[in-house]
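Student: The following block contains the structure, expressed as structure tokens.
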Amino acid sequence: MTGLRIEELPDRLVVTLDRPEKRNAIDADLVAELHAVCADLEARPRLLLLTGGAAGIFAGGADIAQLRERGRLDALAAINQGVFARIRALPMPTVAAVDGPALGGGAELAYACDLRVCTERAVFGQPEVRLGILAGAGATYRLPALIGEARAKELLFTGRRVDAAEALRIGLVNRVVADPEELLPTAHGLLDEMAKGSALALRLTKLAVDAPAAAHPQLDLLSQAVLFEDEEKHRRMTEFLDRRRAR
42 MTGLRIEELP DRLVVTLDRP EKRNAIDADL VAELHAVCAD LEARPRLLLL
92 TGGAAGIFAG GADIAQLRER GRLDALAAIN QGVFARIRAL PMPTVAAVDG
142 PALGGGAELA YACDLRVCTE RAVFGQPEVR LGILAGAGAT YRLPALIGEA
192 RAKELLFTGR RVDAAEALRI GLVNRVVADP EELLPTAHGL LDEMAKGSAL
242 ALRLTKLAVD APAAAHPQLD LLSQAVLFED EEKHRRMTEF LDRRRAR
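The number in the working numbering is simply the position in the sequence shown, starting from 1, with 41 added.
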């Protein structure tokens, strides 16, 4: 891969956008590489940490030179939207670690992850209307779900950028760190907390949370039925009761 750096850890994949000379702009080649990452994580479900590397930028958006030449058939092909939807639907939780700007498609890539942590110099924004297009890779429905309809409409209609402090206040990110050197440790810390749980329970919890409202409570009941018969559940509850008796 030329646009991504990948580190495999026992329970997670760390994927770093690696086009610093292009401000990690999302082009067709990077989309293809992200699809390959998704195929791997679908075949062997693990946690995902997605970051922009040490260049002080997460992703400056789609590659405008390529975007300018795209026509209606390219829009209907859902080039960026398709891979972001695939990231959103990955079996196990995902965390985006954002340092510096996450703009346009770069912000939409961060929204596609389950959780976001960022540095104080992080900036989020959807400048698409100023370029004559709309935020067509997920922001029109993921952003309202994250921060509410009125706030999302303001950002989508104006292209205004949101700094890290505001992003935390409105619920766009989960954590903000002052020191960029603490960004990845903080993101890994969140994943470490997740990894303490049952992998199957984590996977089914994500499935339930992301399901449409009409699927509840039936999906919850079915998922719980599967987990109640899981050996991991019995082992974990037995250990809990043993620890309580020991105290």
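C-beta atoms are modelled at their ideal positions from N, C-alpha and C, and glycine is treated no differently.
Counting only beta-carbon separations shorter than 9 Å, does Ala208 have a partner in chain B?
Tutor: Chain labels in this structure do not include chain B; a single protein chain is all it has.
Student: Note the first and the last residue of the continuous alpha helix (DSSP H) segment covering Ala151.
Tutor: 146-153
Student: If we ignore side chains and look at the alpha-carbon of each, how far apart do Ala242 and Asp233 end up?
Tutor: 15 Å
Student: In its own chain, which residues sit with a C-beta less than 8 Å from the C-beta of Leu88, not counting the 5 before and 5 after it?
Tutor: For Leu88, where only same-chain residues beyond five positions count, the Cβ hits under 8 Å are Asp52, Arg53, Leu54, Met133, Pro134, Thr135, Val136, Leu232, Met235, Ala236.
Student: Confirm, please, whether the CB-CB distance from Thr43 to Gly94 is below 9 Å.
Tutor: no
Student: Can you confirm whether the stretch 168-188 touches the stretch 253-273 when touching is taken to mean that 3 or more C-beta pairs between the two stretches lie within less than 8 Å?
Tutor: As far as the Cβ criterion goes, the stretch 253-273 does not touch the stretch 168-188, which means the pair count is below three.
Student: Anyone know if the C-beta pair for Ala248 and Leu260 falls short of 9 Å?
Tutor: Contrary to the premise, residue 248 reads as Leu rather than Ala in this sequence. One thing to note: Leu248 has its Cβ within 9 Å of the Cβ of Leu260.
Student: Where does Ile67 sit, in a helix, a strand or coil, going by DSSP?
Tutor: strand
Student: Check this for me: beta carbons of Pro142 and Ala206, under 9 Å apart or not?
Tutor: no
Student: Please confirm if the stretch 107-115 is in contact with the stretch 151-162, defined as three or more CB-CB distances below 8 Å between the two stretches.
Tutor: no
Student: Give the DSSP-derived three-state secondary structure of Thr135 in the structure shown.
Tutor: It is a strand residue.
Student: Would DSSP call Val214 helix, strand or coil?
Tutor: coil
Student: Counting along the chain, where does the beta strand (DSSP E) carrying Thr57 start and finish?
Tutor: 53-58
Student: Please report the residue range of the alpha helix (DSSP H) in which Arg276 lies.
Tutor: 272-287
Student: What does the alpha-carbon distance come out to for the pair Gly146 and Asn215?
Tutor: 20 Å
Student: Rounded to a whole number of angstroms, what is the C-alpha to C-alpha distance between Arg171 and Leu196?
Tutor: 12 Å
Student: So, are the CB atoms of Ala66 and Ile105 less than 9 Å apart?
Tutor: yes
Student: Let me make sure I understand the geometry here. Which of Val158, Asp220, Gly238, Ala228 has the alpha-carbon closest to that of Ala208?
Tutor: Val158
Student: Sorted by chain position, which residues of the same chain lie with C-beta nearer than 8 Å to Ser239's C-beta, five sequence neighbours on each side aside?
Tutor: The residues are Leu268, Asp271, Glu273, Lys274, Arg277.
Student: Helix, strand or coil for Arg85, going by three-state DSSP, please let me know.
Tutor: coil
Student: What separation, rounded to the nearest whole angstrom, lies between the Cα atoms of Leu91 and Asp140?
Tutor: 11 Å
Student: Please report the distance separating the alpha-carbon of Asp155 from that of Asp68.
Tutor: A direct Cα-Cα distance of roughly 23 Å separates Asp155 from Asp68.
Student: Taking only three categories from DSSP, how would you classify Arg162?
Tutor: The answer is coil: DSSP assigns Arg162 none of H, G, I, E or B.
Student: DSSP state of Leu91, grouped into three classes?
Tutor: In this structure, Leu91 counts as strand in the three-state DSSP scheme.
Student: Give the straight-line distance between the Cα atoms of Ile128 and Pro221, rounded to the nearest whole angstrom.
Tutor: The straight-line gap from Cα to Cα measures roughly 25 Å.
Student: In whole angstroms, what separates the C-alpha of Ala73 from that of Cys79?
Tutor: Rounded to the nearest whole angstrom, the CA to CA distance from Ala73 to Cys79 is 10 Å.
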